[in-house]
Ligand SMILES: Nc1ncnc2c1ncn2[C@@H]1O[C@H](COP(=O)(O)OP(=O)(O)OP(=O)(O)O)[C@@H](O)[C@H]1O
Ligand SMILES: Nc1ncnc2c1ncn2[C@@H]1O[C@H](COP(=O)(O)OP(=O)(O)OP(=O)(O)O)[C@@H](O)[C@H]1O
Ligand SMILES: [Mg+2]
Ligand SMILES: [Mg+2]
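Protein chains in written order, with the working numbering: chain A, 15 to 347; chain B, 15 to 347; chain C, 9 to 517; chain D, 8 to 296.
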C-alpha cells in the first residue's frame, strides 16, 4: 500500500509529479505496453487523429472518475456519478434551451445543481448515516427519474445556444498549435485533474479526505467536524459531475436524459485500475487518469483491430485484471 | 452492530429463525408497511395472484442476492453474479439444446460451470491478490463476452427439452394445495436461502466466511489457509449463480446471452437493504430475502398504482434510502 | 539440557529501517525469559521472525537444536510456538469462543460445528485463568482490556511449548496481571518456555528467570533476573542511569478551576460523578478495569452522549455535543485505544501529529503550510524521541510504543488548557516514560489542567497531585497526592455500592 | 488485402434485430466482395459511446461508413470529418439531421406502429382497453413506435382507451413482470402492444404466467416470437426487414463507391404477420430466428 500523496512535503509541483510518476511507473508502463502493442498490431492506431479520439473518449469518463476518486479516498463510494452527470446536463438544457437564458447562467447553474445534489447526498451519508452505497444507489435512481421527468423524457438540444458545443468540441490548443487539435474537453479533464490533485495534496480538505477514509473515528476524536467535511467532499464530487455533464452535453450538443446509468462502473473501474483502494485512505489522481486512459485505449485498440465485439468484451475484462495484477506485482517487488 | 447469526450456540432451527426475526423486526416491519400501504392504495394489490407474482419476481434476484451475501460477508464484493448467471444458462443451453443431452446432465453441468467459474474468480482474488471489485468486474465482462461468443449471440431455446420450464414454472406446492400455486422457482429460492443460512451459522465454511470479512489478517495469523477458504466462498457463490441461471432459463424457456449485466446492482442492493454491511463480517440470509422482497414489492406496487415510470424510478430510489434509514434508527434506538 | 529455541545472527531489514542486526536469543524449557528494550529496539520484530510472521534476512533459528524455517504462522504453530501479538489481532464480529478456537473448532461430521463444545472449551480456559468471561460475547463489544484477555486465552489454548507474550499486560490491571502470572507459573512448571516482553519493570522481578536486553536491533546481553538489579537492566536498555523521582505537589490554593464536572451520569457506566481540576494541577484517575474512567473522559470530551450532568470550563457552564466542541473549548483527549481512536495508521507521522491542529497550518483557501507542519512535527519527534526515519514515515511502520508517542505529540501540539490522558504510557519504555512524566509535570507547571487515567498505580502515584478513584461508575473518593499509598487506592477502587450490587460484577480483585 | 472496407456502426449489437442486420450486411459483403465490420454500443442510448465507435471506425480509413445514429444530431460533426476525409456516409435504421448521408435505409416506424394499432383494435373488436410495453422511453425508435401506436388509437379509435405505457428496457424478464402487473391492475385489459422483440416475448411470457387471454401484438421476429405467433400467444406481429436493412446499406455503399447513384431514401418495408401468413415466402424471407 502506498500513500505517497499524503506525505508530500513542500516540494515543487514538478518534483511532486515526478515522484508520483515514479511510484506509478508500472501502471503507466502498462499503458505504454498497450500503446506499443496496438501500434505494432495496426498502423491505423498510432495516428494523431486516433490519439486525439482516445483522449476525447476519456474526457467524460475521466472527469467522472475524478469525482469517484475523491469519494473513494474518503472511504465512500459513489454510484450516482453517472446519473448526476445526466441530471446536470438536463439542468443545463432547461436553463439554456427551455428558458433561453445565456451560457454564463446555464453553465454555472448546471455546476451548482451538481454541487447542491452532491451536498444532499453528503447530508444523507454524514447526517443520517445512510451507508454510502445505499445513499448513492438511491440517489442514482432519483437523479435518473428526475432527469426524465424534467426533460419530458426527450433529448434537449442546444441549437439555440451557439458556442455551447465549443466547450467540449472546440480546440484552444489547436488554435495556437494547428497541428495538435486537442479538443477543449480533454483540456478540461486535465485542468480538473490537476486542480483536484492540488486540493488532495495541498489543502486541509484533501488531508481530511484521506483521514476520513483511513480512520474516521480518530479524525472525529481529534476534534474535527467530520460531518461537515464529508459534505464538502460529496459536494465537490457533485460539482465535478456537473463538469462532466456540461462536457457530455456539449460534446453531443444535447442533454440525453436516458443515459448515465452504467457510467459509474466505468468510472469506478478507472479509479481502481489507477491503484486507489476501495478501502479508502489512499489514492492519486494521476493513477485515476491512467486508469481511465487504459480503459479507453483498450476499447479503441480492439476496435481498430476489428476484434469481434463479443471478444472485445472478453479481452477488456482480461486486460483490466492483468493491468491491476501487474501493478500489484510492482508494489510487492 | 448486530451480529446475531454469528453467536448462535446449539439452538433449534425454530428458535434460530424466531430470534433472527426479532432482531430484523423493523426491516421486516418496513416490508409490512409497504404491503399494507399498497393494499390500501389499490384493491388490485393484495390478491393471491399478485402476491405470487411478487414472489416469482423475487426468485432470480433473490438467489443472486444470496450469492452476493456470501461474498460480502466474507469481505468481498461480486459484480459478476449477473453475467455468471447468464453464462450458466448459456452452458445449460449448449448442453441441452446444442448437444441434445438429457436434463440430468445439463442442469448439473450448468451448476458445475458456476462453481468452476466462481473458483476461478476466487483464485484471482485469493492467489493473485486482485481486489475483489476488479476481479469480479473483469470476470463480469469475461462471462458476458463468453456467453455471446458461445451462443453465437443468439438465444438458445429449450423446446427440445420438455419439462425444463417446469423447474421454475411448475408448482409442486400447487400440486398438493391447488389454491396456492406457488411456482417452484420460489420454492427453490427458499431452499437455497435456508441451505446457505445453515452453512453460514453451522459449518466451518460459514465461520470462516464471517472471520474473513471481520479480520482476514487475524485469521491468517491464526494459521488458517485463507486462500483456500476464500476460494470455497467464491465457488459456492458461483454455484448459486448457476442455480439462478437455471431458474432464469427455465422461466423464459431460453438462454438469453445478452442479459445479466445490471442484475448485480439489484442483488447487492437487496443485500445491503437487508442489513448486511459492505464492510464484511456480518449479515443474514433472512435480511437479504427481506431486502429482495422490498425491491420487488416496491416495483410491483408502483406499477399497480400506475405511477408514471420516471416517478417510479424516483420513488424507488427514495424508498431504498428510507428503508435503510428506518433500519438504522431501529438499531440505534 | 539443550535450548528449546535458539536464534543467532538474526537480521531483518525494512525499507529505510534496519530493525534487527545480529540479534541473539535463547530460550530454555521451563523458564520465563524476559525480552527488554526501548521502543523500537526490535523486540516485536524478533518475535515475529520466530513465529513465522516475518521471514528473516539472515541468521538461524533452531528449535530443539534443529534448524528450522517457518514459511508462515501455521508452520510455527505446528512446531509448538504460540504468540500473543502486541497489536490485538482479533475478529471483532466473532464471539470470544469463536476467536479463541478459530481454525480449530470442535467439529461434528461433514464440517458442521459443535458450538456447545466450543463454548465449553472456552469457558474451561477462562476458569483455569480464574477470570470471568462470557464465551458468547461478541469481541467487538469488549473493552481493550477484555480483548487483551481473549488474546491471552487464545494463546494458552494452543498448548504451545514455546509461548511468546508481546506486552500482554499493557492493558490489564493488577488483579488480572496477578492471574496471568499464576497461569505463567503453572505453564512454566509444565516445562513450557515463555518469552515475556513488557515495559513494566516491576514485573521482571516477579516472574522472569533470565532477561535479554536489546538495543537498536542488537542483543546487548542476557543476564540472570535474580542477580541483576532493575537499574542495571535499565542502564543496559537505555545506555544510561535513570534516577527515581517523586511527585512534588505545587500550592494550588489560589489557582482557578479549569474544569468542573457535576453530577455526570449515564446508565450504569457513569453514576453521579463530580470533580474539578485546577489550572496547574495533575489529577490522577485510578480504578479497576471497567470502573468507568474512560467512559467519564469520553463523556466530557463529547465522544459519547451523556444523560445528565453539568460541565463547566473556566467557570462557565458549557454544552459539549461533540469532540469538536470540546477541542474548541480547549479540551484534549488522548484515547486509550490508539489503533482505533488515536492514530491514522495510513498517514505519516507529520500528518498525525498535526491532525488536531490543522487550522493552525492552513492559510487562505485551506492550503496547508507543509513546511511549518514539518518543523513542528520534527520538534516533537525530537522532544519525545520518536524513533522514525523521518516525519514522512507512515505511522503503521512505527513500533507500538512510538505510535503511542505520536498520539501524545498530537495533543501536545494542540496546546489545550485541559488535557485528558487515558493510559498515556501504554507500551512506552521506561526511559521514555520518565521523559513523559517530566513533560506532563512541565505542562501543569505552565498552568494547564491535566487528567491522567492510568491502570498502573505507580504511575498514578508518581504523577498525581490528587488522585480520584472510581469503582463501578461511581467516584468513590479523592485522595491527596504524595502521601496516598497503593493500599488506599485499592480500598476505594473496590468499594462497591453499599446496597449490595457487588454480585453484578465478577470479583476480580 | 485490397478489398474495400465498409464500417457499420449500429445502435446496438446484442439484440437479435441487430444481429439480423449484421447478417444482411455480411451477405452483401460476400456478394459484392467487400470487408465489413459491424458494431454498436452495449446499451442502446449510449450516445457518446457511439461517437467513440465512429471515431475509431474512421481511424481505420474505411472506403465507406454506415451509421445507425442513436441521436440525430450528435453524430453530425463526425459525419463532417468523414466528408472531409472523402469517406461516403450511409445512414441506416434511423436518420440524422444532415444532408451528408447519401441515403437512408430504414423502416417507417410511425407507420408500422400505426399498423400494429389497427390490427390490435381489429382483434379486440373495435373497443376496449389497451396498454403498451415499450423498450425505451427516449430513443427515436422507441418514441416513434410508441407515438405511432398512440396517435393512431387516439385519432382513429375513440372507443379504445390506452390505460398504461410502461418501459421494460427490452429485457424479457422485466417486461414479463410489467405485463403481469398490468394484467392485475387492469383486469379488464383487452390488448397489449410489445414494441420490440424483447418486449413482445416478455409480454407473451407475462400473459402465459398470468393465465390471461389478453390479445398481444408484437414487433420484430426471433424464434420465440415466431413460436408464440404460431401457437397464438402472440396474435400477430409487425416485422421489419432487418436483413434487408443491412444488405441495402452495404449495397448502397458499394454502389456509391462504384460511382452509381442511389436513391435518397431506401424504404426497407414492414409487414404484418400472424399464424395464417407466417409461412408465406415474402414473410418467411424477412423473419429471422
Ligand atoms: N513493517 C515494517 N516496516 C518498516 N519498519 C518497521 C516495520 N516493522 C517494524 N519496523 C521498525 O523496526 C523497528 C523495530 O520495531 P519493533 O516493533 O520490533 O520494536 P519493539 O522493540 O517491539 O518496540 P515497542 O516496545 O515500541 O513495541 C522500529 O524502528 C520500527 O519502526
Ligand atoms: N467485564 C466486562 N465485559 C464487557 N464490558 C465491560 C466489562 N467491564 C467493563 N465493561 C465496559 O466498560 C465500561 C467501563 O469501562 P471503562 O473503559 O470506562 O473503564 P476504565 O475505568 O477506563 O477501565 P479500563 O482500564 O478498562 O479502561 C463499562 O461501562 C462497560 O461497558
Ligand atoms: Mg513491540
Ligand atoms: Mg479505560
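By construction, the Cβ of each residue, glycine as well, lies at the ideal position given by its N, Cα and C atoms.
For residue 119 of chain A, I'd like the list of residues in its chain whose CB is within less than 7 Å of its CB, leaving aside the five on either flank, ordered along the chain. So the qualifying residues of the chain are 109.
Shortest alpha-carbon distance to residue 266 of chain B belongs to which of D/9, D/169, D/210, D/35? Across the set D/9, D/169, D/210, D/35, the C-alpha of D/210 shows the shortest separation from the C-alpha of residue 266 of chain B.
Beta-carbon neighbours of residue 225 of chain B, restricted to chain C and to distances below 7 Å: The contacting residues are 99, 102, 110.
Residue 226 of chain D in three-state terms, based on DSSP: Secondary structure at residue 226 of chain D: strand, using DSSP grouped into helix, strand and coil.
Closer than 7 Å: residues whose CB approaches a heavy atom of ligand 3: With the cut-off at 7 Å, the residues found are C/51, C/52, C/94, C/174, C/175, C/205, C/407, C/408, C/409.
Quick one: what does DSSP say residue 279 of chain C is sitting in, helix, strand or coil? Residue 279 of chain C: strand per DSSP, three-state reduction.
Would you say residue 218 of chain B lies against chain C (beta-carbon separation less than 8 Å)? Yes, contact with chain C.
Which residue's Cα is closest to the Cα of residue 276 of chain D: D/285, D/289, D/284? Sorting D/285, D/289, D/284 by C-alpha distance to the C-alpha of residue 276 of chain D places D/289 at the top.
Going along chain B, which residues have a C-beta under 8 Å from residue 148 of chain D? Here the premise fails: no neighbours, minimum Cβ distance about 17 Å.
Residue 22 of chain C burial status per 10 Å Cβ neighbour count (16 or more: buried): Residue 22 of chain C is exposed by the Cβ-count criterion.
Could you tell me if the beta carbon of residue 25 of chain C falls within a distance shorter than 7 Å of some heavy atom in ligand 5? Ligand 5 is absent from the structure shown, which contains only ligand 1, ligand 2, ligand 3 and ligand 4.
Using DSSP with H/G/I as helix, E/B as strand and the rest coil, what is residue 120 of chain C? Note: residue 120 of chain C maps to strand in three-state DSSP.
For residue 75 of chain B, is the beta carbon positioned less than 7 Å from some heavy atom of ligand 1? For residue 75 of chain B, the shortest C-beta to heavy atom distance toward ligand 1 is 7 Å or greater.
Please report the distance separating the alpha-carbon of residue 78 of chain A from that of residue 246 of chain A. CA-to-CA, the gap between residue 78 of chain A and residue 246 of chain A works out to about 17 Å.
Please report whether the beta-carbon of residue 292 of chain A lies at a distance below 8 Å from any beta-carbon of chain C. For residue 292 of chain A, no CB of chain C lies under 8 Å from its own CB, so it is not counted at the interface with that chain.
Using the three-state DSSP reduction, which class does residue 429 of chain C fall into: helix, strand or coil? It is a strand residue.
Just to confirm before moving on: does the CB-CB distance between residue 199 of chain B and residue 182 of chain B stay below 8 Å? In contact: residue 199 of chain B and residue 182 of chain B (Cβ atoms closer than 8 Å).
Can you tell me whether residue 395 of chain C sits near ligand 1, meaning its C-beta is under 7 Å from at least one heavy atom of the ligand? Yes, since a heavy atom of ligand 1 falls inside the 7 Å radius drawn around the Cβ of residue 395 of chain C.
Whole beta strand (DSSP E) runs in the stretch 20-55 of chain D with 3 or more residues, listed along the chain? Complete beta strand (DSSP E) runs here, min 3: 42-46.
Excluding the 5 residues flanking residue 29 of chain B on each side, which residues of the same chain have their C-beta closer than 8 Å to its C-beta? Any reading at residue 29 of chain B is ruled out, since the residue's pLDDT is 48, under 50, leaving its predicted position unreliable.
How is residue 250 of chain D classed by DSSP in three states: helix, strand or coil? When DSSP states are grouped into helix, strand and coil, residue 250 of chain D belongs to the helix group.
So does residue 437 of chain C have its beta carbon nearer than 7 Å to some heavy atom of ligand 1? Annotation for residue 437 of chain C indicates a beta carbon within 7 Å of some heavy atom of ligand 1.
Is residue 47 of chain C near ligand 1, judged by its Cβ being under 7 Å from some heavy atom? Yes, since a heavy atom of ligand 1 falls inside the 7 Å radius drawn around the Cβ of residue 47 of chain C.
Three-state secondary structure (DSSP) at residue 277 of chain B? Helix.
Given 7 Å as the limit, tell me if residue 405 of chain C has its C-beta closer than that to any heavy atom belonging to ligand 1. Yes, ligand 1 has a heavy atom inside 7 Å of this Cβ.
Within the same chain, show all residues whose beta-carbon is closer than 6 Å to that of residue 227 of chain B, passing over the 5 residues directly before and after it, in chain order. Contacts found: 87, 88, 89, 294, 295.
Would you decide whether residue 242 of chain D is buried or exposed? Buried here means 16 or more other CB atoms lie within 10 Å of its CB. Here residue 242 of chain D is buried: its Cβ has 16 or more other Cβ atoms, across all protein chains shown, within 10 Å.
Hey, is the stretch 346-357 of chain C in contact with the stretch 229-246 of chain A, meaning 3+ C-beta pairs nearer than 8 Å? Yes, since at least three Cβ pairs between the stretch 346-357 of chain C and the stretch 229-246 of chain A fall closer than 8 Å, the two stretches touch.
Flag this pair as yes or no: are the beta carbons of residue 271 of chain C and residue 478 of chain C separated by less than 8 Å? No, they are not a contact pair.
From the DSSP output, in three-state form, read off residue 161 of chain D for me. When secondary structure is reduced to three states using DSSP, residue 161 of chain D falls in the helix class.
Hey, quick one: how far does the alpha helix (DSSP H) through residue 122 of chain B stretch, first residue to last? 117-140 is the extent of the alpha helix (DSSP H) around residue 122 of chain B.
If you draw a straight line from the alpha carbon of residue 285 of chain D to that of residue 237 of chain D, how long is it in whole angstroms? So the alpha carbons of these two residues sit roughly 8 Å apart.
Any C-beta of chain D sitting closer than 8 Å to the C-beta of residue 149 of chain B? Cβ-Cβ to chain D under 8 Å: no for residue 149 of chain B.
Residue 22 of chain C beta carbon near ligand 1 (any heavy atom closer than 7 Å): Residue 22 of chain C Cβ: within cutoff of ligand 1.
Unbroken beta strand (DSSP E) run spanning residue 6 of chain D, endpoints: Limits of chain D in this structure are 8 at one end and 296 at the other, which puts residue 6 of chain D out of reach.
Could you tell me which chain C residues have their CB closer than 9 Å to the CB of residue 296 of chain B, listed as they occur along the chain? Those within 9 Å of residue 296 of chain B in chain C are 101.
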